[in-house]
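First the structure, in the form of structure tokens, and then the observations on it.
Below is the structure:
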């Protein structure tokens, strides 16, 4: 292979090209790379000269790639992944002195129930590190990982990219959350007759619990659907409403003493909480450190002692 061709290349241009392929919009590319729009436009002109092709054709508000651009990206993305891995091996990661920004994706049940103890510990271990958290669910994780908006995500997962890696963190035990204390847990009849709040990121009025109830020939009454778990404490307070949610989120909400959580009054399947990342960051020292801490504080095992 002719390595002399590499002398023409500018890695920064290649990053701009890859980001244009993902975003298809100069403004969004500029925002994502923290550069001005004129800089991105200039980079695109240089790329067009380098590859002797228009690369992108404006269609409305989008920049649609040419056939040549589609061919280039198939070779370029794996090369950039490999280069990123190679460069990461040239340095160690020192959390005590690092000022890195980590971009992670968390479902909001994880953010509410599992993020606070992790953050408390890491403020001691890595006080200058910045975390940017994006909301994810099993629909959004693949796109956010592919675009580089996050490097690791924690949620329930379904279909994932071929180059994704997944690690099971814990089995989720569903719990019932209520505002009225009782010496006896809910019966199945009470669970079905009480009004329910459903947390649905897709604005549905039916969820896993409805599927499980259907299997035993029962139904429940959902009177409110909201998009995130963090609203539940205020919504349940002073009412007879109940909600179904993961055990770690229910425990965090009940810790205030104003809400109470208990097991489901019928047998439920086990759900899985997993951590997902792409293979090109697998060997990066900083990302390995981050994943080790996420696993330690969000997995089922006892948290690691600080090093």
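Residue numbers (our numbering): 1 to 307. Where a beta carbon is used, it is the ideal one built from N, C-alpha and C, also for glycine. From a predicted model like this one, the values you see are computed outputs, not experimental measurements.
For residue 274 and residue 157, which I take to be in contact (beta-carbon distance under 8 Å), what is that distance rounded to the nearest angstrom?
5 Å
Beta-ladder partner(s) of residue 155, from DSSP
274
Determine, using beta carbons only, whether residue 115 and residue 14 come nearer to each other than 8 Å.
no
Determine the DSSP secondary structure at residue 299, reduced to helix, strand or coil.
coil
By DSSP, does residue 140 sit in helix, in strand, or in coil?
coil
I want to know whether the region 50-69 touches the region 94-101 - three or more CB-CB distances under 8 Å.
no
Considering only C-alpha positions, which residue in the set 235, 189, 231 is nearest to residue 213?
189
Which residue wins for smallest C-alpha separation from residue 230, given the options 295, 93, 251?
251
Using alpha carbons as the reference points, say which of 167, 170, 186, 169 lies closest to residue 176.
186
Report, in whole angstroms, the separation of the C-beta atoms of residue 298 and residue 154, which I expect to be a contact under 8 Å.
6 Å
Identify the residues that DSSP records as bridge partners of residue 244: which are they?
176
Helix, strand or coil for residue 267? Go by DSSP, reduced to three states.
coil
Looking at the unbroken beta strand (DSSP E) that takes in residue 202, where does it start and where does it end?
Here residue 202 belongs to no beta strand (DSSP E), and DSSP marks it neither H nor E.
Only counting the same chain, and skipping five residues up and downstream in sequence, which positions put a Cβ closer than 6 Å to that of residue 216?
none
If you scan the region 179-225 from start to end, which runs of the beta strand (DSSP E) of 3 or more residues do you find wholly inside it?
195-199
Given 7 Å as the limit, tell me if residue 121 has its C-beta closer than that to any heavy atom belonging to the ligand FMN.
By its list of ligands, the structure shown contains no ligand whatsoever, and the ligand FMN lies outside what it can speak to.
Going by the DSSP bridge assignment, what does residue 167 pair with across the sheet?
275
Check whether the Cβ atoms of residue 106 and residue 132 sit closer than 8 Å, and answer yes or no.
no
Assess contact between the region 110-128 and the region 159-168, defined as three or more Cβ pairs (one per stretch) separated by less than 8 Å. Is contact present?
no
Count the other CB atoms within 10 Å of the CB of residue 195; is the residue buried (16 or more) or exposed (fewer)?
exposed
Go ahead and pull the three-state DSSP assignment for residue 55.
coil
For residue 135, which three-state DSSP category applies?
strand
Please state if the CB of residue 235 and the CB of residue 197 are separated by a distance shorter than 8 Å.
yes
What does the Cβ neighbour count give for residue 269, buried or exposed, with the cut at 16 atoms within 10 Å?
exposed
Distance, residue 135 Cα to residue 94 Cα:
27 Å
Can you give me the C-alpha to C-alpha distance between residue 201 and residue 108, rounded to a whole angstrom?
10 Å
For the beta strand (DSSP E) containing residue 106, name the first residue and the last one.
101-106
How many angstroms separate the CA atom of residue 208 from the CA atom of residue 245?
10 Å
Cβ-based neighbour list, residue 104, same chain, cut-off 8 Å, excluding 5 preceding and 5 following:
131, 132, 133, 134, 150, 151, 152, 153, 154, 290, 294
Using the Cβ count rule (16 or more neighbours within 10 Å means buried), how would you classify residue 69?
buried
Taking residue 146 as the reference, which of 81, 26, 193 has the closest Cα?
81
What did DSSP end up calling residue 261 once you bin it into helix, strand or coil?
strand
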